[in-house]
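These notes concern the structure reproduced below.
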Amino acid sequence: MMSMDPPARTRTPAARHNRGGTQKVRSQPVPGGTPEELTEYSLGALLVPTPEQPEPEDFDRFWQSTFAEFGTGAVAWRTVREGDATPTHRVTEIRFHSSADEPATAFVMVPHAASAIRRGLVVGHGYGGRTGPDVERVPADTAAIFPCAPGTHPDAPSRFPALPAEHVLAGIAHRDTYSLRFAAADVWRAATVLLDLAPHAAGALDFSGSSFGGGIGAMALPWDARFRRAALDVPSFGAHAIRLTRRCTGSGEAVRMHLRTHPEARSTLDYHDAATAARRLRMPVHVGAAVLDPAVDPRGQFAVYHALAEPRRLTVRANGHIDGPEGRLADALALQASIDFLALPDDRLQSETSTSPASPAPV
Numbered sequence: 067m068m069s070m071d072p073p074a075r076t077r078t079p080a081a082r083h084n085r086g087g088t089q090k091v092r093s094q095p096v097p098g099g100t101p102e103e104l105t106e107y108s109l110g111a112l113l114v115p116t117p118e119q120p121e122p123e124d125f126d127r128f129w130q131s132t133f134a135e136f137g138t139g140a141v142a143w144r145t146v147r148e149g150d151a152t153p154t155h156r157v158t159e160i161r162f163h164s165s166a167d168e169p170a171t172a173f174v175m176v177p178h179a180a181s182a183i184r185r186g187l188v189v190g191h192g193y194g195g196r197t198g199p200d201v202e203r204v205p206a207d208t209a210a211i212f213p214c215a216p217g218t219h220p221d222a223p224s225r226f227p228a229l230p231a232e233h234v235l236a237g238i239a240h241r242d243t244y245s246l247r248f249a250a251a252d253v254w255r256a257a258t259v260l261l262d263l264a265p266h267a268a269g270a271l272d273f274s275g276s277s278f279g280g281g282i283g284a285m286a287l288p289w290d291a292r293f294r295r296a297a298l299d300v301p302s303f304g305a306h307a308i309r310l311t312r313r314c315t316g317s318g319e320a321v322r323m324h325l326r327t328h329p330e331a332r333s334t335l336d337y338h339d340a341a342t343a344a345r346r347l348r349m350p351v352h353v354g355a356a357v358l359d360p361a362v363d364p365r366g367q368f369a370v371y372h373a374l375a376e377p378r379r380l381t382v383r384a385n386g387h388i389d390g391p392e393g394r395l396a397d398a399l400a401l402q403a404s405i406d407f408l409a410l411p412d413d414r415l416q417s418e419t420s421t422s423p424a425s426p427a428p429v
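Using this note's numbering, the first residue of the sequence shown is number 67, and each one after it goes up by one.
If you want it as structure tokens, here you go:
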């Protein structure tokens with residue numbers, strides 16, 4: 067594991083923001099009085115790539131076979147209800163057949179005029195789940211689908227539990243039964259449903275996801291050639307060998323504690339590492355990575371970025387998963403950076419690193 071510079075400073079937020087819900091931070095002091103999960107890492111250290119971690123020899127074969135099983139062919143779906151239309155889009159709630167062999171919920175936004183469709187967008191979510199679409203992130207020329215990962219929507223019965231600390235452990239005894247495998251597979255299935263509804267979006271299909279959704283996107287996208295670009299914000303599940311060494315307030319803490327009594331589950335995580343998967347991505351990708359994040363280790367977020375091939379873009383966030391004005395500002399800036407990246411013309415996709423106005427200057 068790479069040695070990190072001493073933290074620049076620490077903060078003590080009152081709560082952790084998780085898209086779709088807010089959970090109180092349960093911080094315990096560590097030597098020196100600094101909660102470990104509130105470590106703010108030096109940007110200079112984070113910009114140095116960490117050594118590549120060992121990976122399973124059959125990593126590609128595992129995911130290729132998973133895609134062959136769940137990512138090809140037709141996907142059954144039905145409309146459940148019409149939502150409130152926007153001036154530019156029809157909004158519907160649907161159920162589609164999940165890779166977990168159960169109904170999955172998704173929210174779909176399709177422009178009123180099919181001739182207006184220029185792009186498609188699959189949007190992942192954080193571990194707070196979702197109860198509707200994020201209408202503000204869908205441009206007028208874009209058809210979008212907002213799938214709910216198996217187990218995360220209250221109206222879709224599932225064998226997977228909804229609580230993040232339980233969901234992230236569900237099926238972890240074996241790589242084929244792990245919850246994250248099915249969450250990634252449902253990204254492909256949601257894309258199939260979207261292209262059924264909006265075939266004009268084929269050829270310009272993008273992905274955007276944050277936290278849980280960012281990590282799941284990194285796992286799913288290398289195997290599906292239909293996707294054109296991706297925006298991954300504070301992506302989770304990157305570099306398990308690093309992220310499991312530090313306490314956090316997110317789902318990773320449940321995994322870290324579980325491994326103390328079930329070390330045999332460690333091998334399952336190696337097949338579900340967002341940084342390992344990101345090495346296989348061959349599309350333009352934007353990453354929003356935070357220097358301070360109590361829920362998702364910043365070192366794991368930056369590991370996802372460093373694993374990417376060119377072209378890639380990095381926006382450095384001042385924080386992630388932080389409640390209050392600072393957290394809301396960081397979220398808003400990151401969302402806009404993702405929207406802007408996905409809208410860029412192809413000839414402007416050169417790699418670059420930027421810091422948001424609320425971020426520290428590079429050191």
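Yeah, the Cβ is synthetic: ideal placement off N, Cα and C, and Gly gets one too.
From residue i to residue j, what distance separates their C-alpha atoms?
{"i": "G390", "j": "S277", "result": "18 Å"}
{"i": "N385", "j": "P223", "result": "34 Å"}
{"i": "E436", "j": "V351", "result": "Here the chain comprises residues numbered 67 to 429, so residue 436 is not present and cannot be evaluated."}
{"i": "E118", "j": "H178", "result": "47 Å"}
{"i": "G237", "j": "H163", "result": "19 Å"}
{"i": "G316", "j": "R203", "result": "25 Å"}
{"i": "W129", "j": "R241", "result": "10 Å"}
{"i": "R147", "j": "H219", "result": "15 Å"}
{"i": "R127", "j": "T152", "result": "43 Å"}
{"i": "S420", "j": "H338", "result": "28 Å"}
{"i": "R225", "j": "T258", "result": "23 Å"}
{"i": "G192", "j": "A210", "result": "17 Å"}
{"i": "F293", "j": "E135", "result": "18 Å"}
{"i": "L358", "j": "Y107", "result": "7 Å"}
{"i": "F173", "j": "R156", "result": "11 Å"}
{"i": "P97", "j": "A140", "result": "Any answer about P97 is weak, because its pLDDT of 41 lies below 50 and its placement is not dependable; what the coordinates show is given next. Computed Cα separation, rounded: 55 Å."}
{"i": "A373", "j": "I183", "result": "32 Å"}
{"i": "R92", "j": "R378", "result": "The predicted position of R92 is uncertain, since its pLDDT is 31 and thus under 50; a value taken from the coordinates is nonetheless stated next. Between R92 and R378, the C-alpha separation is close to 35 Å."}
{"i": "P411", "j": "M323", "result": "45 Å"}
{"i": "L260", "j": "D413", "result": "27 Å"}
{"i": "E392", "j": "L399", "result": "11 Å"}
{"i": "T158", "j": "D200", "result": "13 Å"}
{"i": "L380", "j": "L109", "result": "12 Å"}
{"i": "R345", "j": "G279", "result": "18 Å"}
{"i": "W143", "j": "L235", "result": "28 Å"}
{"i": "P329", "j": "I308", "result": "16 Å"}
As a quick exercise: from the options, pick the residue whose alpha carbon is nearest that of residue i.
{"i": "S302", "options": "V362, P223, R322, R313", "result": "V362"}
{"i": "A343", "options": "V321, D290, G354", "result": "D290"}
{"i": "G149", "options": "V189, E103, G198, S108", "result": "G198"}
{"i": "P265", "options": "A331, S333, R225, L187", "result": "L187"}
{"i": "L347", "options": "R161, L358, R295", "result": "R295"}
{"i": "L310", "options": "E168, D336, L298, A297", "result": "D336"}
{"i": "V370", "options": "A297, A396, F133", "result": "A297"}
{"i": "L415", "options": "M349, E392, Q367", "result": "M349"}
{"i": "V114", "options": "F368, L260, S404", "result": "F368"}
{"i": "F125", "options": "Y193, P227, P288", "result": "P288"}
{"i": "G217", "options": "T381, S165, A180", "result": "S165"}
{"i": "A460", "options": "I160, S245, A341, Y107", "result": "Residue 460 is absent from the model: the chain starts at 67 and stops at 429."}
{"i": "D167", "options": "R247, S108, G190, F173", "result": "R247"}
{"i": "T171", "options": "D200, E121, A215, P205", "result": "A215"}
{"i": "H233", "options": "A320, A396, S404", "result": "A320"}
{"i": "A239", "options": "A256, T327, L260, G354", "result": "T327"}
{"i": "A244", "options": "T132, D200, A180, A403", "result": "Inspection of the sequence shows that residue 244 is occupied by Tyr rather than by Ala. With distances taken between Cα atoms, Y244 lies closest to T132."}
{"i": "V176", "options": "I308, D221, P205, L395", "result": "P205"}
{"i": "E121", "options": "G304, D413, E392", "result": "G304"}
{"i": "Q402", "options": "D412, I308, G275", "result": "G275"}
Determine which residues share a DSSP beta bridge with residue i and list them.
{"i": "S274", "result": "V189, A297"}
{"i": "A356", "result": "R383"}
{"i": "V370", "result": "Paired residues: none, contrary to the question."}
{"i": "E159", "result": "R147, F173"}
{"i": "V351", "result": "A296, R378"}
{"i": "I211", "result": "V174, V188"}
{"i": "T419", "result": "L380"}
{"i": "E106", "result": "L358"}
Using 8 Å for Cβ pairs, my map puts residue i next to residue j. What's the rounded Cβ distance?
{"i": "P213", "j": "D252", "result": "6 Å"}
{"i": "R365", "j": "L112", "result": "7 Å"}
{"i": "I160", "j": "T138", "result": "I160 to T138, Cβ: 20 Å. No contact."}
{"i": "A409", "j": "R383", "result": "With a Cβ gap of about 20 Å, A409 and R383 do not count as contacting."}
{"i": "G354", "j": "D299", "result": "4 Å"}
Please list, in chain order, all residues of the same chain as residue i whose beta carbon is under 7 Å from its beta carbon, the five residues on each side excluded.
{"i": "R185", "result": "D207, T208, A267, A270, D272"}
{"i": "P95", "result": "Because the pLDDT at P95 is just 36, under 50, the model does not fix this residue reliably, and the point stays unresolved."}
{"i": "W254", "result": "F133, F136, G137, A286, D290"}
Between residue i and the rest of its own chain, which residues show a CB-CB distance below 8 Å, the 5 nearest in sequence each way excluded?
{"i": "L325", "result": "L310, A331, R332"}
{"i": "D221", "result": "T171"}
{"i": "P73", "result": "With a pLDDT of 36 at P73, under the threshold of 50, the modelled position of this residue cannot be trusted; read the value that follows with caution. These residues qualify, in order along the chain: T100, T105, E106, Y107, S108."}
Below 6 Å CB to CB, which residues in the same chain sit around residue i once its five sequence neighbours on both sides are set aside?
{"i": "E103", "result": "R313, C314, T315, P360"}
{"i": "I282", "result": "G190, A249, A250"}
{"i": "H306", "result": "L335, D339"}
{"i": "P230", "result": "Y193, S317"}
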